[in-house]
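Down below is the structure, laid out as structure tokens.
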Amino acid sequence: MKYFISIILFVLIFSCKTTEKDNPEIYFGGEIINPKSSYVLFLKDNEVIDTLPLDKNNRFFNKYKSLKEGLYTFIHGNEFQYIYLEPADSVLVRLNTWDFDESLVYSGKGSDKNEFLINLFLQNGKEEKEMYQYFSLSEANFQKKIDSLLTNRLKIYNDFSTTQTHISEDFKKLTTTAINFPLYRLKEIYPYFHKRAHNLDKFPEISAKFYNFRNNIDLNEKKLVSFYPYQNYIISYLYNLSYQLKEKDTTKNNITANILNATIKHVKAENFKNTLLKKIIINDFFKTKSTCSINNKALDIFLKNCSNPSFVKQVKSLVNDSEFVSNGKPLHNFEIVSTNNVKTTINNVIKGSNTVIYFWSTDFMSSDYLVNRIKYLENKYPTILFIGINMHPSLENIKTEPHLKLLDTSKQFKLTKDSYANKYLTSKYPRIIIVNSKGIVKNGFTYLDSNKLNLELNKLK
């Protein structure tokens, strides 16, 4: 790796010196350890601008002549991270997919600002988890905790800035967002979690000055809409407005409808608005009930206001999928194929057993999470049969992939082309179907990390 970096950096530095003034190019490449696929996706504002294949040494590289300064994203497997690029930058990344964010290292011209961002990202995540224990504090004492975090983050930024000969205005704006918006988000969710911490009937009274920071926030900042800290704050802000509205007006008791309407009212950037509308309606689908289902009032608002046809199609497919399998009725039999390429049916496999049929895809979850989650559930519920259906068998080889091969292959299957189950997987979202020993569906649509899953499985005991 050192030899690879040295050669590439020599080429990059020399090339940048000769082209920076006339036609500044941007170089981006790196190395993926334990790759999950054969390529890396390179994106700008959620749009793929390049697909970078991995070579035999799991390295990738390309140069770009017309990229503008800004925040970009690279994706490998089902994980992503940001990279900030300016003309004449030459940045290499190195990461291990088994520890994606924590192992990520940047090198080359332009790496300093990206190292700063990833370290800030990791610090934000750690501090946010620690802050949950303080939601029981009074408004004033909670504010002191926020102020302390802000002081520390500003010191880190000042230390970083003194080492830089130049920091662009756009990067300053991005770092300001990365520093402040996670803290703003904590303030938006404070009333909700303070209420829960004290088992209050109503939200606490919050002073106007607690939210003074809102006066300086633009909800339609196009350069930031794909940046997670910004996007996450906006969602939390909209949820806070929606809960407050519910408390003030008893006729506004549909939180999902409230937040969709708040999004339509406050967010004017069309693509960003569509993205938020989709996130909100899908989050409601998965999180609200034990059996995932759509909120019809919220769905109507979404369909009338989302202008992205692919988002509308995906949500409609999800609704269709959820209605195909009904609780309390026998599971419709469907064809499956074992890892040894033997064709059978699901009823033959699960006959007489309380069963969890989990349809999985590493497009939505990492293979190590899948394996760890299934092993945990199998140990906790030894009398329940767990059957896996690989939704994308052409993309993974369950017998050779380092994590997936830890699964019991005798309990792993794929669907035949004409299998009936394909009818309710049109949205491509993974799902779980829970069936009792008599073949009756007890839950037609839930998912692996649902906080209601244990309750559902306990009913089968």
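Note that the working numbering has the sequence shown beginning at -4, numbered continuously upward.
For glycine and all other residues, C-beta sits at the position ideal for the given N, C-alpha and C.
In the displayed model, residue 159 falls within coil according to three-state DSSP, outside both helix and strand. Look at residue 177 here: in three-state DSSP terms it is helix. When the five nearest sequence neighbours on each side are left out, no beta carbon in the same chain lies closer than 6 Å to the beta carbon of residue 213. A buried status is given to residue 262, since no fewer than 16 other beta-carbon atoms sit within 10 Å of its beta-carbon.
According to the DSSP secondary-structure assignment, residue 45 is paired through a beta bridge with 37.
Shown here, residue 261 sits in a helix according to DSSP, grouped into three states. Note: residue 353 is bridge-paired with 383 and 427 in the DSSP secondary-structure output. When the five nearest sequence neighbours on each side are left out, the beta carbons in the same chain lying within less than 7 Å of the beta carbon of residue 231 are those of 180, 183 and 184, in order along the chain. Taken atom to atom, the span from the alpha-carbon of residue 357 to that of residue 207 is near 42 Å. Secondary structure of residue 254 (DSSP, three-state): helix. In the structure shown, residue 331 falls within a strand segment according to DSSP collapsed to helix, strand and coil. Residue state for residue 100 is assigned as strand, using DSSP reduced to three classes. In the pairwise beta carbon analysis, the region 157 to 168 is classified as not touching the region 137 to 147: fewer than three pairs are separated by under 8 Å. Contact annotation: the region 270 to 284 touches the region 243 to 258, with at least three C-beta pairs closer than 8 Å. Restricting attention to 193, 405 and 423, the CA atom closest to the CA of residue 312 is found in 423. Inter-residue distance for residue 387 and residue 229 is about 34 Å (C-alpha atoms, whole angstroms).
CA-CA distance, residue 371 to residue 22, rounds to 43 Å. If you compare the alpha carbons of 234, 137 and 176 with that of residue 201, the shortest gap goes to 137. Using a Cβ distance threshold of 8 Å, residue 271 and residue 258 count as a contacting pair. Note: residue 78 is bridge-paired with 67 in the DSSP secondary-structure output. With respect to the C-alpha of residue 265, the residue from 244, 306 and 285 having the closest C-alpha is 306. The beta carbons of residue 384 and residue 410 sit closer together than 8 Å. In this structure, the straight-line span from the alpha carbon of residue 399 to that of residue 359 is close to 15 Å.
Unbroken alpha helix (DSSP H) stretches of 4 residues or longer found wholly inside the region 299 to 332: 304 to 319, given in chain order. Using a 10 angstroms sphere on the CB of residue 295, the tally of other CB atoms stays under 16, which defines it as exposed. Between the C-alpha atoms of residue 70 and residue 46 there is a straight-line separation of about 10 Å. Pairing residue 174 with residue 149 gives a Cβ-Cβ distance under 8 Å.
Non-local C-beta neighbours of residue 401 in its own chain, meaning closer than 6 Å and more than five positions away in sequence, comprise 366, ordered along the chain.
DSSP assignment within the region 85 to 138 yields the following whole beta strand (DSSP E) runs of 3 residues or more, N-terminal first: 85 to 91 and 100 to 104. Counting only the Cα atoms, residue 333 lies some 43 Å from residue 299.
Between residue 113 and residue 159, the CB-CB gap reaches or exceeds 8 Å. Straight-line spacing of the CA atoms in residue 419 and residue 327 works out to 11 Å. Shown here, residue 228 sits in a helix according to DSSP, grouped into three states. Rounded to whole angstroms, the separation of the alpha carbons of residue 269 and residue 96 is 28 Å. Under the three-state reduction of DSSP output, residue 197 falls in the coil class, being neither helix nor strand.
Around the beta carbon of residue 224, a 10 Å sphere encloses 16 or more other beta carbons of the protein chains shown; the residue is thus reported as buried.
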